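Numbering-wise, the working numbering comes out as the position in the sequence shown, counting from 1, plus 597.
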Amino acid sequence: MKPNHIKLIKIITEKNIMSYNEIIDLIGWSRYRINKYINEINDFFEKMDYNLEIVIHPRMGISLEGEITEKDKIISSMEYIENTNNDRRIIQTLSALLDAKGWLTIQKLADDLFVSKSTFENILKEVRNLLENYGLEIEGSKKGIKLDATEENKRKLIAKIISTYKNKLVAYSNPKEELEISIKMSDDIKQFINYDIINQVADVLIKFSKMTNLYLTEYEFNTLAIHIAISLERIDKEFVVEGAKDNSELELNTLTLIKELEDKFDVNLPKYEKEYMNVHINSIQSNTYNRSDYADELKITDNDLKFKNLDEILEEALSGLNPDQELMNGLSLHLKSAVNRLSNNISIANPYLDEIKTNFIQAFEYSKRIIFHIEKKYNIKFDEDEIAYVSMHIQSFLEREKTITKTDLLLVCGSGYGTAKLLEQRILSVFKNRVNIIDRIGINKLSEISKNNELIITTVPIEANIQNSVYVSPLLNEKDILRIEKKLSSKTTKNNSFINLLSKNFFKIDSNNLTQTEIIKYMAGELTSKDIVTSEVYERIMEREKLSTTAIRNFAMPHAEIPNSDEPIIYVYINKNGIQWGKDKVSIVFLFLLNESVKDELNNIYSFFYDLISSEVILHSLINVDSYEEFIHILKKEVKK
């Protein structure tokens, strides 16, 4: 399957049905080209024995039809296929640079990849950009090129690259019918790590965990296993880190793990490796699950003294959120462990980073506020992976704080009292405390139905223009339950809170070639000149931008908290030509300036915003509007869904 096939499938699956004109507007293909790709995709589905088909409905549009599991399977495989070849060439080039003991010529590297010298130059440019993200660079001379990095930094780079690919623990049955743990990893990274070694390391860690009764979280297990496997491979290739980290005494659990590894792999681990492992073990011993078992070792130490003001820092950072004790305890334990790890240059990759940034916007922003104070206090740097872990604690709190609002239901049943009662009981058993049945009516009162806010559940098809209704079987089957669930979710998350913060005066469609800083300065200046916010807002926005990029895919959401005396607002700036936002290019900017006055609406605001940005079709439509009125019209259509 080719990239254009994948692109078309992704667009079609954005909605239940997609018209030709919508597809043409999105990607500019002709009908002939679209039909050609549809035929090729359907041939592929048939060849692969997928129970799927792209169907063209006359005068309606195009849809992907078939089993839900098959749809999920093909979409997952598409995400993997995209850009695979280029990624593998980048990885192979990095691997060659990491293993080189001298200079490598451009021609030799190009030949190894079976590409031309000019093609390799483009690959090398991407490799340089990737290395720049990790503070590393390629050194060049007449002899060739080489990676300018210490062995310690090379290992950190390998670990980071491995962690960017999805890897997870998998339990499987062996011939003895026992569950064993393996680490399932992407084939793309076999250049960096030997799968047999990493799974042997996993075996050692499982044995070690049983021997010591230490509980390792999935992330701790993955990180430690990857670190050990990288070390063993690099030692085998005669790449050794010079010097030791410190002279602190090794933990008993560290000594146990060292013995198991040395016996298993018939190797004498250097002092540096032992000390680095000790940092991991210290962190594991102090995690939430193990901390009580190691209370004596963790009491009244210099380490604890440095955290004596941590609760005060958290209370200041979370002012206005009213955190409960569970959140405070969870954050305190997590941050102590994270500070200790990061002080020793051990970071843990978060496989759910993109999902957290997109789905839990509010939690991620509160986490940024916490991290700003922590970085200042402890003189360390948190990357976005680490911030995402903090966000998970915040999101758990926000979920606990959500108040469940019952949705009023009106039941319309045409089959008598017994059937109506059965339907009522089925609904209450499935949706429990989420609904409130306000009335039950028969078909003779259909004409009396008003278009109020209640959700109408009917066993009688209603052809009238009443959008807030669900037609179900009196027996309430699985499909009926899913339809009601969709309506309930829509009602509880979508309202006008987001739209109410927009204003025609602070909506801009532009084509000028402005920088990120110029756009922020322009928006802040407009708001300040009209006395919506105070003049300090520009500095506050820029301070937030320094923490990490606010760009995600093709949109950006710069923001700052403003005083309660200011008016909360969302400023929208659109530039169809694109705006360079750090290392990303975006086409639409949502400037969020919120305060305590909208605290009760934050969940609804961010939930609605998530619905907008998670759909490429909606986002594309918003970017291509010609007026504020058209922009609002699209948003209001989403509210009604």
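Beta carbons: idealized from backbone N, C-alpha and C, even for Gly. In this text, all values refer to a predicted model and were calculated from it rather than measured experimentally.
- prompt: Taking Gly1122 as the reference, which of Asn937, Ser1132, Thr814 has the closest Cα?
  reply: Sequence index remark: in the sequence shown, residue 1122 carries index 525 (1-based). Taking only the C-alpha atoms, the option nearest Gly1122 is Ser1132.
query: Going by DSSP, which residues form a beta bridge with Gly663?
result: Translated into the one-based positions of the sequence shown, residue 663 becomes position 66. For Gly663, the pairing in a beta bridge is given by DSSP as Leu649.
Cβ-based burial, Tyr1251 [other Cβ within 10 Å; buried from 16]: Nothing about residue 1251 can be reported from this structure: the residues present for the chain run from 598 to 1238 only.
- request: Excluding the 5 residues preceding and the 5 following Val1222 in the sequence, name in chain order all residues of the same chain whose CB lies nearer than 8 Å to its CB.
  value: Taking the sequence shown and counting its residues from 1, one reaches residue 1222 at position 625. If we look at Val1222 and ignore the five residues flanking it on each side, its Cβ neighbours are Ile1106, Ile1171, Phe1228, Ile1231.
- prompt: Exposed or buried, which one is Pro1058 when buried takes at least 16 other CB atoms within 10 Å?
  reply: Against the sequence shown, residue 1058 aligns to sequence position 461. Pro1058 should be labelled exposed.
query: On the three-state DSSP scale, how would you describe Tyr792?
result: Start at 1 with the first residue of the sequence shown, and residue 792 comes out as number 195. Looking at Tyr792 - three-state DSSP - the assignment turns out to be helix.
- request: Report the residue ranges of all alpha helix (DSSP H) runs contained in full by the segment 972-1031; include only those spanning at least 4 residues, in chain order.
  value: 981-998, 1014-1028
- prompt: Where does Arg630 sit, in a helix, a strand or coil, going by DSSP?
  reply: On the sequence shown, residue 630 is found 33 positions in, with the first residue counted as 1. Arg630 carries a helical assignment under DSSP once its states are collapsed to helix, strand and coil.
- request: Measure how close the beta-carbons of Leu932 and Ile971 come, nearest whole angstrom, since I'm counting them as under 8 Å.
  value: Reading the sequence shown from its first residue, position 335 is the one you call residue 932. Reading the sequence shown from its first residue, position 374 is the one you call residue 971. Contact flag correct, Cβ pair sits at about 6 Å.
Start-to-end residues for the alpha helix (DSSP H) that takes in Leu721: Here residue 721 corresponds to residue number 124 of the sequence shown, with the count starting at 1. Leu721 -> alpha helix (DSSP H) spans 714-730.
- prompt: Are there 16 or more other CB atoms within 10 angstroms of the CB of Arg938, so buried, or fewer, so exposed?
  reply: By 1-based counting over the sequence shown, the position of residue 938 is 341. Its Cβ being crowded by 16 or more others within 10 Å, Arg938 is buried.
- request: Return yes when the Cβ of Val876 is within less than 9 Å of the Cβ of Leu829, no when it is not.
  value: Looking up residue 829 in the sequence shown gives position 232. Looking up residue 876 in the sequence shown gives position 279. No, these two residues do not count as a Cβ contact at 9 Å.
- prompt: Over what stretch of residues does the alpha helix (DSSP H) that includes Asn1172 continue unbroken?
  reply: Translated into the one-based positions of the sequence shown, residue 1172 becomes position 575. Note, Asn1172: premise wrong, no alpha helix (DSSP H); beta strand (DSSP E) at 1166-1178.
- request: Report the option in Gln922, Ile832, Lys739 whose CA atom is closest to the CA atom of Lys868.
  value: Translated into positions along the sequence shown, residue 868 becomes position 271. Comparing Cα-Cα distances from Lys868 to each of Gln922, Ile832, Lys739, the minimum goes to Ile832.
task: Count the other C-beta atoms from every protein chain shown that fall within 10 angstroms of the C-beta of Arg1141, then say buried if there are 16 or more, exposed otherwise.
output: As a position in the sequence shown, residue 1141 is number 544, starting the count at 1. Buried, since its Cβ has 16 or more Cβ neighbours within 10 Å.
message: Once DSSP output is grouped into helix, strand and coil, what is the label at Ser1162?
response: The count along the sequence shown starts at 1 and reaches residue 1162 at position 565. In the three-state scheme derived from DSSP, where H, G and I count as helix and E and B as strand, Ser1162 is classed as coil.
- prompt: Do Thr747 and Val724 come within 9 Å of each other at the CB atom, strictly closer than that value?
  reply: The residue given as residue 724 occupies position 127 in the sequence shown. The residue given as residue 747 occupies position 150 in the sequence shown. Not a contact, by the Cβ cut-off of 9 Å.
field: Residue from Glu913, Gly917, Phe836, Asp800 with nearest C-alpha to Glu860
entry: Locating residue 860 in the sequence shown gives position 263, counting from the first residue. One point to set straight first is that residue 860 is Asp, not Glu, in the sequence displayed. Among Glu913, Gly917, Phe836, Asp800, the Cα nearest to that of Asp860 belongs to Asp800.
- prompt: Does DSSP put Lys1182 in a helix, a strand or coil?
  reply: Looking up residue 1182 in the sequence shown gives position 585. Assigned with DSSP and collapsed to three states, Lys1182 falls in strand.
field: the segment 984-993 touching the segment 1027-1039, judged by at least three CB pairs closer than 8 Å
entry: no
- request: Please classify Leu811: does DSSP put it in a helix, a strand, or coil?
  value: Counted from its first residue, the sequence shown places residue 811 at position 214. Three-state DSSP puts Leu811 in coil, outside helix and strand.
- request: For my contact list, Ile720 and Ile687 are in at a C-beta cut-off of 8 Å; report their separation, rounded to the angstrom.
  value: For the purposes of this step, residue 720 is taken as residue 123 along the sequence shown, with counting starting at 1. For the purposes of this step, residue 687 is taken as residue 90 along the sequence shown, with counting starting at 1. Right, the Cβ-Cβ distance comes to about 6 Å (below 8 Å), so this counts as a contact.
- prompt: How would you write the range of the alpha helix (DSSP H) that Val936 sits in, first residue to last?
  reply: Position 339 of the sequence shown, counted from the first residue, corresponds to residue 936. Val936: member of the alpha helix (DSSP H) spanning 922-940, first to last residue.
field: Start and end residues, beta strand (DSSP E) containing Asp1128
entry: Sequence index remark: in the sequence shown, residue 1128 carries index 531 (1-based). Run containing Asp1128: none; DSSP gives neither H nor E here.
9 Å Cβ cutoff met for Tyr1168 and Val1186: As a position in the sequence shown, residue 1168 is number 571, starting the count at 1. As a position in the sequence shown, residue 1186 is number 589, starting the count at 1. A contact, by the Cβ cut-off of 9 Å.
query: Mapping DSSP to helix, strand and coil, what is Met1120?
result: The count along the sequence shown starts at 1 and reaches residue 1120 at position 523. The answer is helix: DSSP assigns Met1120 an H, G or I state.
message: What residue range does the beta strand (DSSP E) around Leu744 cover?
response: Counted from its first residue, the sequence shown places residue 744 at position 147. It spans 741-745 - the beta strand (DSSP E) in which Leu744 sits, taken as one unbroken run.
query: Can the beta-carbon of Leu950 be found closer than 9 Å to that of Glu998?
result: Taking the first residue of the sequence shown as 1, we reach residue 950 at position 353. Taking the first residue of the sequence shown as 1, we reach residue 998 at position 401. For Leu950 and Glu998, no; Cβs fall outside 9 Å.
- prompt: Going by the beta-carbon positions, is the gap between Ile881 and Val936 smaller than 9 Å?
  reply: Here residue 881 refers to the residue found at position 284 of the sequence shown. Here residue 936 refers to the residue found at position 339 of the sequence shown. Result no, Cβ atoms of Ile881 and Val936 do not sit closer than 9 Å.
- request: Can you tell me which of the three DSSP states Ser1070 falls into?
  value: As a first step, residue 1070 is located in the sequence shown; it is residue number 473 there, counting from the start. Of the three classes helix, strand and coil, the one that applies to Ser1070 here is coil, per DSSP.
- prompt: Excluding the five sequence neighbours on either side, which residues of its own chain have a C-beta within less than 8 Å of the C-beta of Ile1215, listed in chain order?
  reply: Translated into the one-based positions of the sequence shown, residue 1215 becomes position 618. Cβ within range, chain order: Asp1208, Leu1209, Ile1231, Glu1235.
Pairwise C-alpha distance: Ile967 and Asp921: Here the question's residue 921 lines up with position 324 in the sequence shown. Here the question's residue 967 lines up with position 370 in the sequence shown. One C-alpha to the other measures close to 16 Å.
message: Just to confirm before moving on: does the CB-CB distance between Ala693 and Asp709 stay below 9 Å?
response: Translated into positions along the sequence shown, residue 693 becomes position 96. Translated into positions along the sequence shown, residue 709 becomes position 112. Cβ atoms of Ala693 and Asp709: closer than 9 Å.
Contact set for Ile827: own chain, Cβ-Cβ below 7 Å, skip 5 residues either direction: Numbered from its first residue, the sequence shown carries residue 827 at position 230. The answer, listed in chain order, is Arg752, Ile755, Ala756, Ile790.
field: Asp1163, buried or exposed, once every other Cβ within 10 Å from all chains shown has been counted against 16
entry: On the sequence shown, residue 1163 is found 566 positions in, with the first residue counted as 1. That one is buried.
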